[in-house]
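As numbered in this note's numbering, residues 872 to 1203 make up the sequence shown, in order. Report on the structure given below.
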Amino acid sequence: MPRRPSTARRLRAALALIGGPLALAACAGGTPSSAVRTTGVCGIASTATIAAVDATVAAEIYRNELAGREVSFDLAQITGAHDLLSAVATHNRAATLQAVQRIVYHPAWHIVRLRVLERSGRVLADVGGPYVIAPVSGVLRSGGRTVGGFTMSVQDDAGETKLETRFLGDPVGVYVSGKLVAERYGSLPNRPPRGATLTVGGVAYRVVSETDSAFPRGTLEEVILVAPAPAAVATRPCAAIRAGEFGRVAERFAKLALALSQHYAGYATTVSAYTGALVFVRSGARQLASTGGEGPASFPAGGTVNYGGRRWLVFSFEPAASTRVYLLVPPA
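Structure follows, in structure tokens:
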């Protein structure tokens, strides 16, 4: 029996999501980043401000596992599989299993689990790993009639933790039925923490908890641990900290990118998909990539800017000489 798709392969696929060029490689160089400069001190709200941004990114990671471009592609492979449709239409369990195995273990696709049912609800085949996240369901039609249904997923729990730590760098754990089934970058407890903070290795982390769908039904809990904001960060305004945390994620994506200078459009789209920010890449006055139209006539390196009838926080950094990435982030 072939092995189910590895989480490493799933990570590479997710990094390439939405046409992005991201891969497990570091881009060269880069200059120090510029963050917003506004007034006020965030103080004790600093860690909560960072945690709110990390929670947003975590939610976008999950959303892309439910409805990203890769999901649409894989759904089409299932609903258009003639061997699968024929097997289900004739109630042939052996042929259905063979078709499902072909789909799940296809070397170029990234389906980690696929369950196929007859119209009556009887399971004909179920292939994949035991702990899988973000199930997506659909119907199977043959000859103009519905012959069955399916549930599939493009991500397992271990792969999800790898995405979280690659994109955010926070310790993360996944709990199913109250039991820890996957973790990365931290020694999380066997049961999900219920307080606002959790002390691990002498560090009091802020707990970010997210409830997601398990496969084939029910829920699971993702727990992210956000480290306390350094004292120097806490002296900055909350708006600057918020913009800076989104910018930190964008810089992590840039460091993951392979041949970034050749793929700024894919990079901008990917960063926008996982942060919700508007992303612009410019070389002087020349725009190299954008997810928000033409953008402001001129960008400040940091602070705020009015664009499209609203006010945005600005974060920017230079991934390469003479090239600057600008993120426009909603104030709240």
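A virtual CB, placed ideally from N, CA and C, is assigned to each residue, including glycine.
(1) Have a look at Y1138, K1126, L1199 and flag the residue whose alpha-carbon is nearest the alpha-carbon of G1147.
(2) Under 8 Å by Cβ, that's how I've got G1019 and E989 pegged, so tell me the actual separation to the nearest angstrom.
(3) Use the C-beta contact count for Q1133: other C-beta atoms within 10 angstroms, 16 or more gives buried, fewer gives exposed.
(4) Taking the alpha carbon of A970 as the point to measure from, which residue in F1021, R940, F1186, V1003 has its own alpha carbon closest?
(5) Where does I982 fall in DSSP's three states?
(6) Check whether the stretch 1125 to 1140 touches the stretch 1182 to 1199, counting contact only when three or more Cβ pairs, one atom from each stretch, lie closer than 8 Å.
(7) Can you give me the start and stop residues for the alpha helix (DSSP H) that L1011 sits inside?
(8) R940 to L985, Cα distance in whole Å?
(9) Can you tell me whether P1060 is buried or exposed? The criterion is at least 16 other CB atoms within 10 Å of its CB, across all chains shown.
(10) Select from T1068, T927, T1036, L956 the residue whose C-alpha is nearest the C-alpha of G1015.
(11) With a threshold of 7 Å, establish whether the CB of V1003 neighbours any heavy atom of the ligand SAM.
(12) Can you tell me which residues form a DSSP beta bridge with L1199?
(13) With burial defined as no fewer than 16 other Cβ atoms inside 10 Å of the residue's Cβ, what is the status of I915: buried or exposed?
(14) Taking the C-alpha atoms as reference points, what is the distance between D1027 and A1156?
(15) Starting from the N-terminal side, write out each stretch of the beta strand (DSSP E) that is 3 residues or longer and does not extend beyond the stretch 1034 to 1110.
(16) Whether or not the stretch 1044 to 1053 and the stretch 1082 to 1098 are in contact is what I'm after, with contact meaning three or more pairs of Cβ atoms, one per stretch, closer than 8 Å; do they touch?
(17) Do V928 and L1039 have their C-beta atoms within less than 8 Å of each other?
(18) I'd like to confirm the pairing. Which residues does DSSP put opposite Y976 in its beta bridges?
(19) Would you kindly check if the distance between the Cβ of A923 and the Cβ of E1081 is under 8 Å?
(20) What's the call for S1187, buried or exposed, on a 16-neighbour Cβ count within 10 Å?
(21) Whether or not the stretch 1096 to 1116 and the stretch 1068 to 1078 are in contact is what I'm after, with contact meaning three or more pairs of Cβ atoms, one per stretch, closer than 8 Å; do they touch?
(22) Within 10 Å of its beta-carbon, does G1066 have 16 or more other beta-carbons around it, so buried, or fewer, so exposed?
(23) Taking buried to mean at least 16 other C-beta atoms within 10 Å of its own C-beta, is A1103 buried or exposed?
(24) Name the two residues that bound the continuous alpha helix (DSSP H) containing R940.
(25) How far does the beta strand (DSSP E) with S1161 in it extend, from its first residue to its last?
(26) Under three-state DSSP, which class holds T1017?
(27) Leaving aside the five residues before and after K1050 along the sequence, list all residues of the same chain whose C-beta is less than 8 Å from its C-beta, in chain order.
(28) Please look up how many angstroms separate the CB atoms of V959 and L937, rounded, as I've assumed it's under 8 Å.
(29) Below 8 Å CB to CB, which residues in the same chain sit around D925 once its five sequence neighbours on both sides are set aside?
(30) If you draw a straight line from the C-alpha of T1036 to the C-alpha of R973, how long is it?
(31) Using a Cβ-Cβ cutoff of less than 6 Å, which residues in the same chain neighbour V1142 once the five nearest sequence positions on both sides are dropped?
(32) In its own chain, which residues sit with a C-beta less than 8 Å from the C-beta of C1109, not counting the 5 before and 5 after it?
According to the data block:
(1) Locating residue 1147 in the sequence shown gives position 276, counting from the first residue. Among Y1138, K1126, L1199, the Cα nearest to that of G1147 belongs to L1199.
(2) For this step, residue 1019 is matched to residue 148 along the sequence shown. For this step, residue 989 is matched to residue 118 along the sequence shown. Right, their Cβ atoms sit about 5 Å apart.
(3) Start at 1 with the first residue of the sequence shown, and residue 1133 comes out as number 262. That one is exposed.
(4) Residue numbering aside, residue 970 sits at position 99 when the sequence shown is read from its first letter. The shortest Cα separation from A970 among F1021, R940, F1186, V1003 belongs to F1021.
(5) To locate residue 982, count along the sequence shown from 1; it is residue 111. Coil, per DSSP.
(6) Three or more pairs of CB atoms, one per stretch, sit closer than 8 Å, so the stretch 1125 to 1140 contacts the stretch 1182 to 1199.
(7) Translated into the one-based positions of the sequence shown, residue 1011 becomes position 140. Taken as a continuous stretch (DSSP letters only), L1011 belongs to no alpha helix (DSSP H), being part of the beta strand (DSSP E) at 1007 to 1013.
(8) Position 69 of the sequence shown holds residue 940. Position 114 of the sequence shown holds residue 985. In this structure, the alpha-carbon of R940 lies about 18 Å from that of L985.
(9) Sequence index remark: in the sequence shown, residue 1060 carries index 189 (1-based). With fewer than 16 Cβ atoms within 10 Å of its Cβ, P1060 is classed as exposed.
(10) Taking the first residue of the sequence shown as 1, we reach residue 1015 at position 144. Ranking T1068, T927, T1036, L956 by Cα distance to G1015 puts L956 first.
(11) In terms of ligand content, the structure shown is empty, and the ligand SAM therefore cannot be addressed.
(12) Working through the sequence shown from its first residue, we reach residue 1199 at position 328. In DSSP, L1199 forms a bridge with L1149, V1185.
(13) As a working note, residue 915 is residue 44 in the sequence shown. Taking a 10 Å sphere around the C-beta of I915, we find fewer than 16 other C-beta atoms and assign the residue as exposed.
(14) As a working mapping, residue 1027 is identified with position 156 in the sequence shown. As a working mapping, residue 1156 is identified with position 285 in the sequence shown. Looking at the two C-alpha atoms, the distance is approximately 43 Å.
(15) Those beta strand (DSSP E) runs which fall completely within the stretch 1034 to 1110 and span 3+ residues are 1043 to 1047, 1050 to 1055, 1068 to 1071, 1074 to 1084, 1090 to 1097.
(16) Yes, they touch.
(17) Position 57 of the sequence shown holds residue 928. Position 168 of the sequence shown holds residue 1039. Their beta carbons are under 8 Å apart, which means V928 touches L1039 by this criterion.
(18) One-based indexing of the sequence shown puts residue 976 at position 105. BP columns for Y976 are empty, so no partner.
(19) Taking the sequence shown and counting its residues from 1, the one referred to as residue 1081 is at position 210. Taking the sequence shown and counting its residues from 1, the one referred to as residue 923 is at position 52. No, these two residues do not count as a Cβ contact at 8 Å.
(20) Here residue 1187 refers to the residue found at position 316 when the sequence shown is read from its first residue. The residue in question, S1187, is buried, as its Cβ has 16 or more Cβ neighbours within 10 Å.
(21) Yes, the stretch 1068 to 1078 touches the stretch 1096 to 1116.
(22) Working through the sequence shown from its first residue, we reach residue 1066 at position 195. Label assigned to G1066: exposed.
(23) In the sequence shown, counting from the first residue as 1, residue 1103 sits at position 232. Around the C-beta of A1103, fewer than 16 other C-beta atoms lie within 10 Å, and the residue is accordingly described as exposed.
(24) Against the sequence shown, residue 940 aligns to sequence position 69. From DSSP, the alpha helix (DSSP H) with R940 extends over 940 to 950.
(25) For this step, residue 1161 is matched to residue 290 along the sequence shown. Note, S1161: beta strand (DSSP E), 1157 to 1161.
(26) By one-based count along the sequence shown, residue 1017 stands at place 146. In the three-state reduction of the DSSP assignment, T1017 falls in the strand class.
(27) Residue 1050 sits at position 179 when you count from the first residue of the sequence shown. Hits under 8 Å: N1061, R1062.
(28) The residue you call residue 959 lines up with position 88 of the sequence shown. The residue you call residue 937 lines up with position 66 of the sequence shown. Between V959 and L937 the beta-carbon gap is near 24 Å, outside 8 Å, which marks them as no contact.
(29) The residue given as residue 925 occupies position 54 in the sequence shown. Within the same chain, D925 has close Cβ partners L1039, D1041, V1079, I1095, V1097, E1116.
(30) Position 165 of the sequence shown, counted from the first residue, corresponds to residue 1036. Position 102 of the sequence shown, counted from the first residue, corresponds to residue 973. Taking the CA atoms as reference points, T1036 sits about 31 Å from R973.
(31) If you number the sequence shown from 1, residue 1142 lands on position 271. A1121, F1124, V1150.
(32) Numbered from its first residue, the sequence shown carries residue 1109 at position 238. G911, C913, A916, S917, T920, listed in sequence order.
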